[in-house]
Each structure stands twice: as C-alpha cells, then as structure tokens.
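Engineer: Below: one structure in structure tokens.
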Amino acid sequence: MKLGIFDSGLGGLLIAKSIREHMPDIDILYFGDTLHLPYGNRSAEAIYEYSKRAIEFLFAQDCALIITACNTVSASALRRLQQEYLPQSRYADRRVLGVVVPTLETAIDRGYKRLGVIATNYTIETGIYPDELQKIDPEIKIFQKHTPLLVPLIENSGAQWLPSVLEHYLLPMMENRIECLILGCTHFPFLKNDIKKIIGEEVSLISQDDIIPVKLANYLKRHPEIDQQISREAHSEFLVSDVTKSYLDAAEEIYQAKIQIQHAAFDPINNSYYNAKAQ
Ligand code: DGL
C-alpha cells in the first residue's frame, strides 16, 4: 500500500518532496485537486465534499495513510472526515492526518511562547490555530494574519509584488513581538527567503515542509500497524484533477525535478475520480 498526500493543488508537492528526501524508499501517491483550487475561498460544505472525494480516491488507489497537506482542509474538513466519514466507510482501518496540530506541537516543543501564523482567509477565520493551541497550552499567545494575496501572486507569476505585499502583512505582525512565524499554507515555503528578509534573524520560521516528514516518521514509529502496510519500493505517482500546460510546468518547478503528472478524471455519475491512464 502507499502513503497518500492530498492538497487542493500543487503547493503540497513541497511536502511530498520533503517526505521523499527524508524517506527515500516509501511509496507515495500525490493528489492535487487542481480542478477546484483554490479551496481557501470556498464554503465549508464545498471543502468537505471535495476533500471526501479526494480521500476516497486515494484510498481506492491503495493508500493506507493520507496526509492532508492543505491547511484549509486541515482547518475545515479534517475532523469531520476522521469522525464521520472514515468510521462508516469501507476504509475504517485506514487513517487521515492533518498538518495543524503537528505544526503547533513543533512550535511548543521548541519553547516559543509568542507565535505568529499567516494563512488563507478560510484557515484564519476557522480559528483552528488558536483553538488547537488552547487545548494544548492556553498560556501560549498566538497572533493571526490572513494573507489572501499570497497564493494568487505565487500562482500567477506575481513574484515582483511579493516583497511589498509581504511587508504589508508582516510588519504589523512583528509589533506583537512574536518569537516564531508559522507558515500555515502549503504555498508559503516558497516565500521563506523573502519572509526571512522582513522578519530578520530574531524570529524563527516554522515551515511545514521541514516539520511534517519528522512528525510522519514519529507517527509511523508509534503506529506499526500502519507502518507495516506501506510498501517501500521508492515509487512516486502524481495525479491532479485538471491538467494544463501551466500546471505541468509549475509542478516541475515546485518539485525541482522532472515528474510525470497523470490525470485523475472526474466521473459525475459515480461522483468519484478515476485514474484516466489506468482505464
Ligand atoms: N492549499 C491551501 C492551504 O494550504 C492553499 C491554496 C488554496 O486556497 O487552495 O491552505
């Protein structure tokens, strides 16, 4: 069986790449829902429905464990997927994990007491970061900022405007005397260098491409029943729900390697995806 990695689009390839570097032989299946990207502006119901289809597809493609690399999904649909969908599905023995709690745990383990987080409108509005932090350690302070222009600028070659937009978002955040800044969106690891220039050396960056592989290794160690199901033949497969030339180019730029992207086509009659190449 495989490790599934799910994102609303291609940003999660950064996490896939980082997992591949940490676990060179684990079999990975990546699915990016490019047909419905961006999730960050959708309703909770839409995000849940899109995510459920994606998760079902990844399980049908033989994934034992799925990581939802997307913060918006982790914030909105994950709990419902874990508690409502999974137990009554035919995949009740499989697992879906998110990225928000592992990210907060890392910040806390590193001893930070004043955290900043930037993310999509949706993630910030759900209050997932402060809510989860409250459960783990209510003494720690967290300051949030929604940064809606960043994903469109990254996706539409808007690099020249990024420094000024980042300053606009981050300078007020710095007034809160944060000790670390959490990048709460799949796309933001692209911005590490630009962000570092603004926040300086005093404030640490917590980036999910750095921490999720470590957290995953730890999870697999604690869950040998899942670990033993995942095969290790160094296979990587990449599927997206809509294929365009610009997605193909962007995927290789993000993954920094030649990769073969396949099409997961949508079948409206069965309300599910299928691997178009495998038909
Ligand atoms: N993947 C989303 C996230 O991490 C960002 C892109 C989107 O809005 O779909 O929140």
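Position one of the sequence shown corresponds to residue 22 (this note's numbering), numbered consecutively onward. Note that beta-carbon positions come from the ideal geometry of N, C-alpha and C, so glycine has one too.
1) Pick from Lys162, Ser178, Arg243: whose alpha carbon is nearest that of Gly132?
2) By alpha-carbon positions, which one of Leu269, Leu237, Lys298 ends up nearest to Ile47?
3) Thinking C-alpha only, which one of Asp270, His244, Asn291 is nearest Ala281?
4) Cys201: beta carbon under 8 angstroms from a heavy atom of the ligand DGL?
5) Which runs of the alpha helix (DSSP H), 4 residues or longer, sit entirely within the stretch 81 to 130?
6) Three-state secondary structure (DSSP) at Ile203?
7) So is Pro123 buried or exposed if we call it buried at 16+ other beta carbons inside 10 Å?
8) Cα-Cα, which of Ile175, Pro169, Gly148, Ile129 is closest to Ile157?
9) Does the Cβ of Pro159 have 16 or more other Cβ atoms within 10 Å, making it buried, or fewer, making it exposed?
10) Is DSSP giving Ser267 helix, strand or coil here?
11) Would you mind working out which of Lys298, Pro234, Tyr60, Asn197 sits nearest Phe259, comparing C-alpha positions?
12) Counting only the same chain and skipping the five closest in sequence on each side, list residues whose C-beta sits under 7 angstroms from that of Leu34.
13) So within the stretch 143 to 181, which uninterrupted beta strand (DSSP E) runs reach at least 3 residues, ignoring any that extend past its ends?
14) Using alpha carbons as the reference points, say which of Ala37, Ser39, His43, Thr55 lies closest to Phe287.
15) In angstroms with no decimal places, state the Cα-to-Cα distance between Asp315 and Arg198.
16) How is Tyr69 classed by DSSP in three states: helix, strand or coil?
17) Using a threshold of 8 angstroms, is the CB atom of Asp28 nearer than that to any non-hydrogen atom of the ligand DGL?
18) If you reduce the DSSP assignment to three classes, tell me which class Ser185 lands in.
19) Would the C-beta of Gly32 count as close to the ligand DGL, meaning under 8 angstroms from any of its heavy atoms?
20) Hey, out of Asp28, Arg253, Leu226, Val235, whose CA is closest to Arg135's CA?
21) Roughly how many angstroms separate the alpha carbons of Ile139 and Ala90, rounded to a whole number?
22) Do you know offhand how far Ser257's Cα is from Lys218's?
23) Does the Cβ-Cβ distance between Arg101 and Asn292 come in under 9 angstroms?
24) Rounded to a whole number of angstroms, what is the C-alpha to C-alpha distance between Ile233 and Ile87?
Structural biologist: The relevant details are as follows:
1) Locating residue 132 in the sequence shown gives position 111, where the first residue counts as 1. Nearest option by C-alpha distance: Lys162.
2) In the sequence shown, residue 47 corresponds to position 26, counting from 1. Considering only alpha carbons, the answer is Leu237.
3) Your numbering for residue 281 matches position 260 in the sequence shown. One detail in the question is off: residue 281 reads as Gln in this sequence, not Ala. Considering only alpha carbons, the answer is Asp270.
4) Reading the sequence shown from its first residue, position 180 is the one you call residue 201. Result no, Cβ not under 8 angstroms from the ligand DGL.
5) 92 to 97, 121 to 130
6) Translated into positions along the sequence shown, residue 203 becomes position 182. If DSSP states are grouped into helix, strand and coil, Ile203 belongs with the strands.
7) Here residue 123 is taken as the residue at index 102 of the sequence shown, counted from 1. With 16 or more other Cβ atoms within 10 Å, it is buried.
8) Taking the first residue of the sequence shown as position 1, residue 157 is located at position 136. The option with the nearest alpha carbon to Ile157 is Ile129.
9) One-based indexing of the sequence shown puts residue 159 at position 138. Looking at its Cβ environment, which holds fewer than 16 other Cβ atoms inside 10 Å, Pro159 is exposed.
10) As a working note, residue 267 is residue 246 in the sequence shown. Three-state DSSP puts Ser267 in a helix.
11) Counted from its first residue, the sequence shown places residue 259 at position 238. Selected option, being the one with the closest Cα: Lys298.
12) On the sequence shown, position 13 is the one that residue 34 refers to. Here the set comprises Tyr51, Ala272, Ile275, Tyr276.
13) 162 to 167
14) Here residue 287 refers to the residue found at position 266 when the sequence shown is read from its first residue. The residue with the shortest Cα to Cα distance from Phe287 is Thr55.
15) Beyond the ends of the chain as shown, which are 22 and 300, falls residue 315; an answer cannot be given.
16) Counting from one through the sequence shown, the residue named residue 69 turns up at place 48. In the structure shown, Tyr69 sits in a helix (DSSP, three-state: H, G or I).
17) Position 7 of the sequence shown, counting from 1, holds the residue named residue 28. Answer for Asp28: yes, Cβ within range of the ligand DGL.
18) By one-based count along the sequence shown, residue 185 stands at place 164. Here Ser185 sits in helix by DSSP.
19) If you number the sequence shown from 1, residue 32 lands on position 11. Indeed, a heavy atom of the ligand DGL lies less than 8 angstroms from the Cβ.
20) Mapped onto the sequence shown, residue 135 falls at position 114. When only C-alpha atoms are compared, the closest one is Leu226.
21) Mapped onto the sequence shown, residue 139 falls at position 118. Mapped onto the sequence shown, residue 90 falls at position 69. Spanning the two alpha carbons is a distance of roughly 16 angstroms.
22) Against the sequence shown, residue 257 aligns to sequence position 236. Against the sequence shown, residue 218 aligns to sequence position 197. Rounded to whole angstroms, Ser257 to Lys218 spans 34 angstroms at the Cα level.
23) One-based indexing of the sequence shown puts residue 101 at position 80. One-based indexing of the sequence shown puts residue 292 at position 271. Going by C-beta atoms, Arg101 is not nearer than 9 angstroms to Asn292.
24) Here the question's residue 233 lines up with position 212 in the sequence shown. Here the question's residue 87 lines up with position 66 in the sequence shown. Roughly 12 angstroms between the two C-alpha positions.
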